[in-house]
Each structure stands twice: as structure tokens, then as C-alpha cells.
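If you're matching positions, the sequence shown starts at 1013 in this note's numbering and goes up one per residue.
Notes follow once the structure below has been shown.
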Amino acid sequence: MLDFGVEIPFVNLLGFELVRMQDGASELHYEARPEHLNSFGVTHGGASMTLLDVTMATAARSVAPEMGVVTIEMKTSFMQ
1013 MLDFGVEIPF VNLLGFELVR MQDGASELHY EARPEHLNSF GVTHGGASMT
1063 LLDVTMATAA RSVAPEMGVV TIEMKTSFMQ
């Protein structure tokens, strides 16, 4: 497992695993635990959006590791 380069307690809580982070791309693995599910028994949308957010941030940091990354706006539409 790779190191995110910074300590992110919320990411650690969710159990995200950084697999690849190079050349403007990143790959994370995540297996939802029972406490990450919604009332329908599927992964909570907030956990899914956090995975997207962290994946995009690590991709950006792969080309400028000395820079911090902050999401200003993010929209995700969930389909049934």
C-alpha cells in the first residue's frame, strides 16, 4: 500500500487504500463495511463521493506533491 503523503484521519476511518498515484492519475481501493451502508444496504453516497474526492485529489497531488489540494465544489448525480 502506498502512502498518501499526508495524514487524513477520515480516509483512514473509511479504509481507503492508495494503489497508484503517478503522472496525474491515481487508483484507490475501497471495500464498504456494514457501517458504511445506507438504509437500502448499499454504500452511502457520502462514502462514494469521498472516494471520488480523494481519488481526484491524489491524482492532482501526483504531479505537484508539494501543493495541497482542496475541493471547492463537487456534484455527483446518483442513478437508480
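Ideal placement from N, C-alpha and C gives every residue a C-beta, glycine not left out.
Note that this is a predicted model, so its numbers are computed, not measured.
Inter-residue Cα distance where the pair is G1058 and G1036: 24 angstroms
Contacting residues, own chain, Cβ-Cβ under 8 angstroms from M1086 (five flanking each side not counted): M1061, L1064, D1065
Nearest to I1084 (by Cα), restricted to the options M1033, M1091, E1043, A1069: A1069
Distance between N1050 and G1019 (C-alpha atoms, nearest Å): The question names Gly, but residue 1019 in the sequence shown is Glu. The alpha-carbon atoms of E1019 and N1050 are separated by roughly 27 angstroms.
Boundaries (first-last residue) of the beta strand (DSSP E) holding M1033: 1029–1034
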